[in-house]
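Visitor: Sharing a structure below in structure tokens format, with a few things to ask.
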Amino acid sequence: MRESCGVFGIYAPNEDVARLTFFALFALQHRGQESAGIATTDGKRLQVYADMGLVSQVFSEDSLSHLSGDIAIGHTRYSTRGSSRLTNAQPIVVGSGPDSLAIAHNGNIINAEHLYEELSDQGYTFRTSTDTEVIANLILSAPDKDWIDRIRYAMHRLQGAYSLTIMTDHTLFGVRDPLGVRPLCLGTINGGYAIASESCALDHIGANFMREIEPGEIVTITENGVDSYREESKRKGICIFEYIYFARPDSVINGRLLYPARLAMGAGLAEEHRVEADLVMGVPDSATAAGIGYSRQSNIPLCEGLLKNRYVGRTFIEPDQRIRDLGVKLKFNPLPHMLDGKRMVVVDDSIVRGTTTPKVVELLRRAGVKEVHMRICAPPIRYPCFFGVDMATRWELIAAQKTIPEIRDFIGADSLGYLSIDGLIKAVALPKDIFCLACFTGDYPIPVQLEMDKLALETKAAEHRGHLGIKQR
Ligand code: SF4
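Positions 4 to 476 (the working numbering) are the ones given, in order, by the sequence shown.
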């Protein structure tokens, strides 16, 4: 499961804004590894540099030195809409002269196709296949000329998830959709301001966290300081997966540091699914804290059973099929001396398609583990996500197709326990009604009927192919 993107913005005269953005994107690399980009403005023109690859691969001293100005925005991308190619890398610049803007987007617009057709009919042209360019052109198409009114106009038309940083010649904007699906926060830095998907990016550049940008809020930053405008937000729908997996454990979302929330998820699993075992481990890195939580709560000793190769990222070197078949072996190496003959509790963040977990179990068994008891922080995922998480179609979600005992057998574990929704909410320690829990419950915070209908058709077609013995792509 992959999340869609990381966004950043900075307004800081007297600072090297491009370089600070580079380091902030470094801290947001976990949110997207396909492409990275930075746009800056010196008050007269917008400049952008973006390329495929990791932040460290995309930028050099030379490329950063050409990005001058007082304002910058940046982006790390994993594509959920629009294919993975250079033209889709962000930030995207649209418009011309003083009527232009640069935009970076995290999320997914549900009614993008409809808006695309409408804007095309009005004569707007598209250089990319992203919903981000739809947002940008929608802002430009607004009847008003004031940027705030234009962004408000777009917010009234957009459905879905969007945390945005936007830059015009003289202004930096931070925008969060009325549900607040994706995080966005504001900080100060040396007399200036910064906006980031996660607070860890502010920490890394020496900025001070001020507050989160609220669902439905537009923040503007100019030479006069910060202003805020609010759109009505009837229901919040913060993605619970930010707490389970997406965001870094050193980030704060909704006033809650993620690390203790993940410790509490592990403790909750130990309460709900206790088992006799010799050792506990969390699958690194996303379930490391939850593994510690399980160990503390159960008094079963913690061990590091799998070592992660932290430098396996996206590279331009395409692995051939034989290398691809190595699967998790490229990522994890077990420690047989620690594991041989042991009964292990293995804590992981989630099971989506069920393709990775059996390989982890097999790796542990080959290292001599006698019993594997899988414990999962996320409740069973039975419904797809329409808000920018590349999960799977319903057809591919293992918990939509199999019972829990069937999944246990499929992954080859001796036992399997999922944290309950109530246990998850207790661990996060925030009110249940502020969250999107749709991938567990099917209760989407906004109507997704059209998308659901499309998926139902796809699922039927996939089932049909299955009956005919045709393999899914
Ligand atoms: S459906 Fe699941 S993954 Fe998608 S936004 Fe809601 S909680 Fe997050």
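Think of the CB as a built atom: it goes at the ideal place given N, C-alpha and C, for glycine as much as any other residue.
Computed from a predicted model, the values in this text were never measured in an experiment.
#1: Within the same chain, show all residues whose beta-carbon is closer than 7 Å to that of T171, passing over the 5 residues directly before and after it, in chain order.
#2: Could you work out which residue in S418, K429, E409 and R397 is closest to T444 when comparing CA atoms only?
#3: Starting from A21 and walking both ways along the beta strand (DSSP E), at which residues does that stretch end?
#4: Should V97 be listed as close to the ligand SF4, given that the test is whether its C-beta is under 6 Å from any heavy atom?
#5: Hey, I401 and I410: beta-carbon distance below 7 Å or not?
#6: Counting only the same chain and skipping the five closest in sequence on each side, list residues whose C-beta sits under 7 Å from that of H33.
#7: I'd like the ranges of any alpha helix (DSSP H) spanning at least 4 consecutive residues and lying wholly in the region 144-204.
#8: Whole angstroms are fine: how far does the CA of A432 sit from the CA of L282?
#9: Count the other CB atoms, across all protein chains shown, that sit within 10 Å of the CB of I376; report buried if there are 16 or more and exposed otherwise.
#10: Rounded to whole angstroms, what's the CA-CA distance from G330 to R233? Just pull it up for me.
#11: The ligand SF4 and I243: does the residue's C-beta get closer than 6 Å to at least one heavy atom of that ligand?
#12: Starting from the C-beta of T90, find all residues in its chain whose C-beta is less than 7 Å away, skip the five residues before and the five after it, and write them out in chain order.
#13: Kindly examine the ligand SF4 and report whether one of its heavy atoms sits closer than 6 Å to the Cβ of F390.
#14: Just to confirm, are T135 and I106 a CB contact at a threshold of 7 Å?
#15: So which of R346, P387, L367 and R369 has the shortest CA-CA distance to R356?
#16: For M377, write down the residues that DSSP places opposite it in a beta bridge.
#17: For R259, which of helix, strand or coil comes out of DSSP?
#18: Roughly how many whole angstroms lie between the Cα atoms of I295 and N336?
#19: How is T79 classed by DSSP in three states: helix, strand or coil?
#20: Can you say whether L2 is buried or exposed, counting buried as having 16 or more other CB atoms within 10 angstroms of its CB?
#21: If you compare alpha carbons, which of P218, I247 and L189 is closest to I428?
#22: Specify the secondary structure class of F11 as computed by DSSP and reduced to three states.
#23: Just to confirm my understanding: we take F319, look at its own chain, exclude 5 residues before and 5 after, and list those with CB closer than 6 Å. What are they?
#24: Per DSSP, which residues does H108 bridge with? Please list them.
#25: Looking at the secondary structure, which residues open and close the alpha helix (DSSP H) in which L122 lies?
#26: Flag this pair as yes or no: are the beta carbons of G110 and Y165 separated by less than 7 Å?
#27: Spatial neighbours of H276 within its chain, please: C-beta separation below 6 Å, excluding the five flanking residues on both sides.
#28: Rank S66, Y81, K47 and P94 by C-alpha distance to the C-alpha of D73 and give the top, closest one.
#29: Sort out for me which residues DSSP pairs I216 with in a bridge.
#30: Considering only C-alpha positions, which residue in the set E245, T358 and C203 is nearest to V184?
#31: Considering Cα atoms alone, identify which of P181, K148 and H173 is closest to L161.
#32: Considering only heavy atoms of the ligand SF4, does any lie closer than 6 Å to the CB of A381?
#33: Roughly how many angstroms lie between the CA atoms of A92 and L310, to the nearest whole one?
#34: Closer than 8 Å by C-beta to D152: which residues in its own chain qualify, once you throw out the five before and the five after it? Chain order, please.
#35: To the nearest angstrom, report how far apart F11 and S254 are at their CA atoms.
#36: Can you find a heavy atom of the ligand SF4 that lies under 6 Å from the Cβ of A105?
Guide: In brief:
#1: The sequence position of residue 171 within the sequence shown is 168, counting from 1. Excluding sequence neighbours, T171 sits near L104 and W150.
#2: Locating residue 444 in the sequence shown gives position 441, where the first residue counts as 1. Comparing Cα-Cα distances from T444 to each of S418, K429, E409 and R397, the minimum goes to R397.
#3: By one-based count along the sequence shown, residue 21 stands at place 18. Where A21 is concerned, there is no enclosing beta strand (DSSP E), although the alpha helix (DSSP H) it sits in stretches over V20 to A30.
#4: Position 94 of the sequence shown, counted from the first residue, corresponds to residue 97. V97: no, Cβ never under 6 Å from the ligand SF4.
#5: Within the sequence shown, residue 401 is the residue found at index 398, counting from 1. Within the sequence shown, residue 410 is the residue found at index 407, counting from 1. Yes. Within cutoff.
#6: By 1-based counting over the sequence shown, the position of residue 33 is 30. Taken in chain order, the residues that qualify are R251.
#7: 150-160
#8: Residue 282 sits at position 279 when you count from the first residue of the sequence shown. Residue 432 sits at position 429 when you count from the first residue of the sequence shown. So the alpha carbons of these two residues sit roughly 27 Å apart.
#9: Here residue 376 refers to the residue found at position 373 of the sequence shown. Rather than Ile, the amino acid found at residue 376 in this sequence is His. H376 should be labelled buried.
#10: Sequence index remark: in the sequence shown, residue 330 carries index 327 (1-based). Sequence index remark: in the sequence shown, residue 233 carries index 230 (1-based). Going by the C-alpha atoms only, they are around 46 Å apart.
#11: Within the sequence shown, residue 243 is the residue found at index 240, counting from 1. Under cutoff, so the answer is yes.
#12: Along the sequence shown, read from residue 1 onward, the residue named residue 90 stands at position 87. So the list reads R130 and T131, once near-sequence residues are dropped.
#13: Translated into the one-based positions of the sequence shown, residue 390 becomes position 387. Answer for F390: yes, Cβ within range of the ligand SF4.
#14: In the sequence shown, counting from the first residue as 1, residue 135 sits at position 132. In the sequence shown, counting from the first residue as 1, residue 106 sits at position 103. Going by C-beta atoms, T135 is nearer than 7 Å to I106.
#15: For this step, residue 356 is matched to residue 353 along the sequence shown. R356 has its Cα closest to that of P387, out of R346, P387, L367 and R369.
#16: Working through the sequence shown from its first residue, we reach residue 377 at position 374. Answer by DSSP bridge pairing, in chain order: V349 and L419.
#17: The count along the sequence shown starts at 1 and reaches residue 259 at position 256. Note: R259 maps to strand in three-state DSSP.
#18: Here the question's residue 295 lines up with position 292 in the sequence shown. Here the question's residue 336 lines up with position 333 in the sequence shown. Distance between the alpha carbons of I295 and N336: 20 Å.
#19: Sequence index remark: in the sequence shown, residue 79 carries index 76 (1-based). T79 falls in the strand class under three-state DSSP.
#20: Because residue 2 is not part of the residues shown, which for the chain are 4 to 476, the question remains open.
#21: Translated into positions along the sequence shown, residue 428 becomes position 425. Ranking P218, I247 and L189 by Cα distance to I428 puts I247 first.
#22: Taking the first residue of the sequence shown as position 1, residue 11 is located at position 8. Looking at F11 - three-state DSSP - the assignment turns out to be strand.
#23: For this step, residue 319 is matched to residue 316 along the sequence shown. With a pLDDT of only 48 at F319, under the threshold of 50, the placement of this residue in the model should not be trusted; the figure read from the coordinates follows. Contacts found: none.
#24: Locating residue 108 in the sequence shown gives position 105, counting from the first residue. Answer by DSSP bridge pairing, in chain order: L167.
#25: If you number the sequence shown from 1, residue 122 lands on position 119. Unbroken alpha helix (DSSP H) run through L122: A115 to D124.
#26: Here residue 110 refers to the residue found at position 107 of the sequence shown. Here residue 165 refers to the residue found at position 162 of the sequence shown. Going by C-beta atoms, G110 is nearer than 7 Å to Y165.
#27: Working through the sequence shown from its first residue, we reach residue 276 at position 273. Excluding residues within five positions, the ones whose Cβ falls inside 6 Å are R378 and G420.
#28: Counting from one through the sequence shown, the residue named residue 73 turns up at place 70. Looking at the Cα atoms, K47 is the closest of the given residues.
#29: Taking the first residue of the sequence shown as 1, we reach residue 216 at position 213. In DSSP, I216 forms no bridge with anything.
#30: Within the sequence shown, residue 184 is the residue found at index 181, counting from 1. The shortest Cα separation from V184 among E245, T358 and C203 belongs to E245.
#31: In the sequence shown, residue 161 corresponds to position 158, counting from 1. Here the closest residue by C-alpha is P181.
#32: Your numbering for residue 381 matches position 378 in the sequence shown. No - the ligand SF4 has no heavy atom lying nearer than 6 Å to the Cβ of A381.
#33: Here residue 92 refers to the residue found at position 89 of the sequence shown. Here residue 310 refers to the residue found at position 307 of the sequence shown. Roughly 33 Å separates the two Cα atoms.
#34: Counted from its first residue, the sequence shown places residue 152 at position 149. Excluding positions up to five away in sequence, the list reads A145.
#35: Reading the sequence shown from its first residue, position 8 is the one you call residue 11. Reading the sequence shown from its first residue, position 251 is the one you call residue 254. If I take the Cα positions, the gap works out to 14 Å.
#36: As a working mapping, residue 105 is identified with position 102 in the sequence shown. Checking the Cβ of A105 against the ligand SF4 gives no.
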